[in-house]
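Numbering (mature numbering (1 follows the signal peptide of the UniProt record, and there is no 0)), first residue to last: -31 to -1, 1 to 1110. Structure record follows, encoded as structure tokens.
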């Protein structure tokens, strides 16, 4: 993974305003940044950070001499893109390209992996030409392999070509002809399904067994001429000779004429000599057909298409360098690319000419990474598995295997190719990690003969007894916090693997809080993650786990860090107990699921019809078993382009829970429609659910009623809403009318189960006993008041005013209103907000208002910005000496940090982090936005909706601390509780409500109030960052930031014994009352200040009558006498007198 905090360029600002002594505010303007001024990250592929993208991460690996692979992920305007780029140097003597097919061009399609597997010299392959899908499966363009011309189309079509070792992109078509009777006649196409009207097509043994007659409309007149070894052996006007699925014999060519072409062929007679010339329109050594030319001499195309998975190839200016791009489509973290986006990316990479190949579900990339033995699937085909395609562009390496290569080592959890697995190269103290190593041959394939591992220092210990021995596997265990470099070396080469060890295990979590297995004949998988006190998360390898399984299931290790759970019967509920480093975790397991009906179609008359390139209607119909249904009648004969007929519900159908799948009964007639369910995901993007069969185009091949299951892909943002039931037709030769029916739409939701009690970690950043008053910088946080202008004197307004007065009295350096100050976001609401702030704050303290979702509830963000200025800002707040912190506020009012697909403010965040990294005065960064990365409550309803963005943001902030040695924290609201935790060394603060009723229980942060952040910029630099061991010590983040919650107090009680005998103990508790009758225990996350006379509190020393532990509430009598114990919460104090005898 590569994350760089080098500054990309300055961001234009509208104004620079001095608000108070010691800090500057810079409103963020949505201006385009200047071009990058720094080189790409070391080892990274240049050009991947274009398109105004953010959150770029990439990882590269060698494949063979002259061929490398880089996997990447980024967020660009419009959505996420995950993909891979192979770079090839055609001047490498051992590297060559070819076009592979199934031996014939029709009826022999295979997966790209199967094409690659036919030759052990193939080290990588991608899908090739477009093809006649679900029909002949033959390519529609012109394709040339090392075996010669495979197919040639009837019209010019762009193709990637190689001639004399140089690549080019040019339009190719058939240039075939036959000579007879002293004249030559053009042959319009060769082995091609694009057999045009009024033309002549040639089919030879390369064609295959697909019936040629199916390429020709039944109404067309035909002439069939069979030529064997240059002599006409048969002529016919009857198509019966080309209707069977028979291969054309070797040495035989069949000329087929349509319309005028048939009249031309009528001149040929049996016994006549015919000279056939079979060639393409240009003499090339290799060709694979494509479609849009993305770049022409550096100029991008003006064409565009919808977003989809893509395969493309770019060529350098001199034709010696290639960029082969594979873009995942229809994935949660990759919506694909448009043609324009793909063209721009090719230009960013450095291509001079580029071509779009077949994409969508066809997009497939297989590669054999250095140190492995076989090509494996590298991308994620959007159909869920590899589609069978017509051909593949394969890369062969013929470097001498006997030549020495390199040394390769990696954590076993890390894939040989692809993006890095989070935590694979990290450990917690006490946990283990498996490292694998191998030498390679001259072809970079894994070679026999082991190397030797070396583990220096004390950070890691060796679990196995193989130290200083030749081996391909090493197991190490974290001993001390720090970074260690493991060396693997053979006789000629060495490689280093860095392992970072964080703190001890504090708790463990499972990949599923509840494991729902669909049925008794299915299995489930679980993996465990260990978390240290600073929120560093690492995968737990199975050797570190003790497992106890309940009745009805078996649990077995499956790989280095995964377990497979196998049920022994259907419909059961049980549990699994895991123990790691003394910490236990229970995971409930259910087998089977519950179905919830989403549509019974009793209201079928309210459904409507929609279509693309088709006509039709919907009407009530009979369903299976007497149920109601909906009939669809449509005409797919009006176009040869992709057509669709859709049933649209009267209102979008909200799907409850987090369904595993949707299920629909479909009555088919075997005509081959492609059923799909269009849904809107929780992040607002639209996608389609496809049938479970997993075929590339799972068509309706049945007659009568059949239930079809549409799985919801893992990682889909919930909740989902169904908007259309779609039936598609992609085959150009399939024109028909049909009547389908649908019934009983259901969601399959896992069975309910009783969850273990949720134990919340009590992060020490929250001060339990004390205040942040003596910290050099104090920043107040208020959020979630949610008042409306139509009730300007409501209790909620009064609560907000009270909170503001408390904050003003505390005299912070800055107030951040972290969203949802108002409820409906109307202009009147925002004007009232301004009035309240003017009245309660005025110029007494500086403040910044960060918009939440309620600031745009029923309106646009412009309603907010018209009153309060930019929705995203950045400023520096000066501290003591030559120190400062950077404060960045972001707009998450849309539920994401990229509203409407814009990456503007995220590029600002990236630039400001780079500025903080380079500015020696800045020792830490505070980031404010309304929505947290993670909602700690079980329903997860109040967090960033785009979970890939949430993970990327968390990864970015953690990397900032790791790479710069400077502190960073994130502060949010929205959840309705007070909560603080850490993730990857980053303190994360959730401020609770200041007016609105809390969403959680009082014991779990569900109270009203506000927060004061105490910052000491003198401790923002992580001390260990400047040393030989750059890993922060556990808890070091607390020196920079502490959190004091200010619960609203209407009343406060202190429960303590009046008398104690010497040596005895008792429990003391305090309870505050607020907002009527809400009783809140004075315990984490409520901050309090405990004091007393003749009482030793916590770590205090000196003579005393009592000792009090504020964390546990334990009061111990030390000696005879009388003492007083006091507790203060948000300025309210209660005192108890205790006599010890």
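C-beta: ideal position from N, C-alpha, C; glycine also. A quick note: this is a predicted structure, and the numbers were derived from the prediction, not measured.
> Alpha carbon to alpha carbon, what distance is there between residue 776 and residue -3?
Replying inline: Reading the chain shown from its first residue, position 29 is the one you call residue -3. Reading the chain shown from its first residue, position 807 is the one you call residue 776. Model confidence at residue -3 stands at a pLDDT of 37, short of 50, so the residue's coordinates are unreliable; what they give is reported in the following sentence. Each residue's alpha carbon lies about 29 Å from the other.
>> So if DSSP puts residue 958 in a beta bridge, which residue, or which two residues, is it bridged to?
In response: One-based indexing of the chain shown puts residue 958 at position 989. Paired residues: 940, 949.
> Are the beta-carbon atoms of residue 755 and residue 823 separated by less than 8 Å?
Replying inline: The count along the chain shown starts at 1 and reaches residue 755 at position 786. The count along the chain shown starts at 1 and reaches residue 823 at position 854. Closer than 8 Å, so yes.
> Would you call residue 619 buried or exposed, if buried means 16 or more other Cβ atoms sit within 10 Å of its Cβ?
Replying inline: Here residue 619 refers to the residue found at position 650 of the chain shown. By the Cβ neighbour-count rule, residue 619 is exposed, with fewer than 16 other Cβ atoms within 10 Å of its own.
>> On the criterion of 16 or more Cβ atoms from any shown chain inside 10 Å, does residue 1110 qualify as buried, or is it exposed?
In response: Reading the chain shown from its first residue, position 1141 is the one you call residue 1110. Exposed is the call here.
> In the DSSP assignment, what residue or residues form a beta bridge with residue 836?
Replying inline: Here residue 836 is taken as the residue at index 867 of the chain shown, counted from 1. Looking at the DSSP assignment, residue 836 forms no beta bridge with any residue, so it has no partner.
> Rounded to whole angstroms, how far is the Cβ of residue 141 from the Cβ of residue 125, which I believe are closer than 8 Å?
Replying inline: By 1-based counting over the chain shown, the position of residue 141 is 172. By 1-based counting over the chain shown, the position of residue 125 is 156. Confirmed, Cβ separation roughly 7 Å.
>> Do residue 738 and residue 1079 count as a contact pair if the criterion is CB distance below 8 Å?
In response: Within the chain shown, numbered from 1, the residue matching residue 1079 stands at position 1110. Within the chain shown, numbered from 1, the residue matching residue 738 stands at position 769. Going by C-beta atoms, residue 1079 is nearer than 8 Å to residue 738.
> What number of angstroms, rounded off, separates the C-alpha of residue 330 from the C-alpha of residue 703?
Replying inline: Numbered from its first residue, the chain shown carries residue 330 at position 361. Numbered from its first residue, the chain shown carries residue 703 at position 734. Roughly 20 Å between the two C-alpha positions.
> Applying the criterion that 16 or more other CB atoms from any shown protein chain within 10 Å of the CB defines a buried residue, is residue 870 buried or exposed?
Replying inline: The residue labelled residue 870 in the question sits at position 901 within the chain shown. By the 10 Å Cβ count, residue 870 comes out exposed.
> Roughly how many angstroms separate the alpha carbons of residue 571 and residue 598, rounded to a whole number?
Replying inline: Here residue 571 refers to the residue found at position 602 when the chain shown is read from its first residue. Here residue 598 refers to the residue found at position 629 when the chain shown is read from its first residue. Rounded to whole angstroms, residue 571 to residue 598 spans 7 Å at the Cα level.
> Can you tell which of 1068, 1084, 513, 1058 has the C-alpha that lies nearest to the C-alpha of residue 1031?
Replying inline: Position 1062 of the chain shown holds residue 1031. Ranking the options by Cα distance to residue 1031, first place goes to 1084.
> Is the number of C-beta pairs between the stretch 939 to 958 and the stretch 803 to 813 that are closer than 8 Å three or more?
Replying inline: Touching, no, given that fewer than three Cβ pairs across the two stretches are closer than 8 Å.
>> Give me, in chain order, the residues of the same chain whose beta-carbon lies closer than 6 Å to that of residue 1036; leave out the 5 immediate sequence neighbours on both sides.
In response: As a working note, residue 1036 is residue 1067 in the chain shown. Taken in chain order, the residues that qualify are 1082.
> Got a sec, what are the start and stop residues for the alpha helix (DSSP H) residue 736 sits in?
Replying inline: The residue given as residue 736 occupies position 767 in the chain shown. Run containing residue 736: none; DSSP gives neither H nor E here.
> Can you tell me the Cα-Cα spacing of residue 299 and residue 779, whole angstroms?
Replying inline: Your numbering for residue 299 matches position 330 in the chain shown. Your numbering for residue 779 matches position 810 in the chain shown. The straight-line gap from Cα to Cα measures roughly 51 Å.
>> Looking at the secondary structure, which residues open and close the alpha helix (DSSP H) in which residue 809 lies?
In response: Your numbering for residue 809 matches position 840 in the chain shown. Its alpha helix (DSSP H) spans residues 796 to 809.
> Taking buried to mean at least 16 other C-beta atoms within 10 Å of its own C-beta, is residue 268 buried or exposed?
Replying inline: Residue numbering aside, residue 268 sits at position 299 when the chain shown is read from its first letter. Taking every protein chain shown into account, the CB of residue 268 has fewer than 16 other CB atoms within 10 angstroms, so this residue is exposed.
>> Please tell me whether residue 24 and residue 933 are closer than 8 Å, where the distance is taken between their beta carbons.
In response: As a position in the chain shown, residue 24 is number 55, starting the count at 1. As a position in the chain shown, residue 933 is number 964, starting the count at 1. For residue 24 and residue 933, no; Cβs fall outside 8 Å.
> In chain order, what residues of the same chain have a beta carbon less than 8 Å from the beta carbon of residue 203, not counting five sequence neighbours either side?
Replying inline: Taking the chain shown and counting its residues from 1, the one referred to as residue 203 is at position 234. Shown here for residue 203: same chain residues with a beta carbon closer than 8 Å to its own, the five before and five after excluded, namely 193, 194, 195, 210, 239 in chain order.
>> I'd like the list of long-range same chain contacts for residue 510, defined as Cβ closer than 6 Å, with 5 residues on each side in sequence excluded.
In response: Here residue 510 refers to the residue found at position 541 of the chain shown. So the qualifying residues of the chain are 401, 529, 530.
>> In the DSSP output, which residue or residues are listed as bridge partners for residue 534?
In response: Indexing the chain shown from 1 puts residue 534 at position 565. BP columns for residue 534 point to 493, 524.
>> In the DSSP assignment, the alpha helix (DSSP H) including residue 876 goes from what residue to what residue?
In response: Translated into positions along the chain shown, residue 876 becomes position 907. First-last of the alpha helix (DSSP H) with residue 876: 873 to 887.
> Which whole-angstrom value describes the C-beta separation of residue 568 and residue 603, a residue pair presumed to lie in contact below a C-beta threshold of 8 Å?
Replying inline: The residue labelled residue 568 in the question sits at position 599 within the chain shown. The residue labelled residue 603 in the question sits at position 634 within the chain shown. Contact doesn't hold; Cβ gap of about 20 Å is too wide.
> Can you pull the DSSP bridge partners for residue 471?
Replying inline: As a first step, residue 471 is located in the chain shown; it is residue number 502 there, counting from the start. Among the bridge pairs identified by DSSP, residue 471 is matched with 397.
>> For residue 507, list the residues DSSP reports as bridge partners.
In response: Position 538 of the chain shown, counted from the first residue, corresponds to residue 507. Paired residue(s): 499.
> In the DSSP assignment, what residue or residues form a beta bridge with residue 112?
Replying inline: Counting from one through the chain shown, the residue named residue 112 turns up at place 143. Looking at the DSSP assignment, residue 112 forms a beta bridge with 120.
>> Closer than 8 Å is the cut-off here; do at least three beta carbon pairs connect the stretch 723 to 732 with the stretch 664 to 679?
In response: Contact between the stretch 723 to 732 and the stretch 664 to 679 is absent, because fewer than three Cβ pairs lie under 8 Å.
>> Looking at the strands, I want to know which residues DSSP matches up with residue 485.
In response: Taking the first residue of the chain shown as 1, we reach residue 485 at position 516. In DSSP, residue 485 forms a bridge with 559.
>> According to DSSP, simplified to helix, strand and coil, what is residue 142?
In response: Here the question's residue 142 lines up with position 173 in the chain shown. The answer is coil: DSSP assigns residue 142 none of H, G, I, E or B.
> Do residue 471 and residue 501 come within 8 Å of each other at the CB atom, strictly closer than that value?
Replying inline: Here the question's residue 501 lines up with position 532 in the chain shown. Here the question's residue 471 lines up with position 502 in the chain shown. Yes, the pair counts as a contact, with Cβ atoms nearer than the cut-off.
> Under the rule that 16 or more other beta-carbon atoms within 10 Å means buried, what is residue 788, buried or exposed?
Replying inline: Your numbering for residue 788 matches position 819 in the chain shown. So residue 788 counts as buried.
> Taking one C-beta from the stretch 454 to 468 and one from the stretch 370 to 387 each time, how about it: are there three or more such pairs within less than 8 Å?
Replying inline: As far as the Cβ criterion goes, the stretch 454 to 468 touches the stretch 370 to 387, which means the pair count is three or higher.
>> I believe residue 270 touches residue 332 by the beta-carbon criterion, under 8 Å. Please report the beta-carbon distance rounded to the nearest angstrom.
In response: As a position in the chain shown, residue 270 is number 301, starting the count at 1. As a position in the chain shown, residue 332 is number 363, starting the count at 1. The pair is not a contact, with the Cβ atoms about 19 Å apart (cut-off 8 Å).
> Which word fits residue 761, buried or exposed, when buried means at least 16 other C-beta atoms lie within 10 angstroms of its C-beta?
Replying inline: If you number the chain shown from 1, residue 761 lands on position 792. The Cβ neighbour count for residue 761, taken over all protein chains shown within 10 Å, is under 16; the residue is labelled exposed.
> For residue 650, does the three-state DSSP call read helix, strand or coil?
Replying inline: One-based indexing of the chain shown puts residue 650 at position 681. In the structure shown, residue 650 sits in coil (DSSP, three-state: anything other than H, G, I, E or B).
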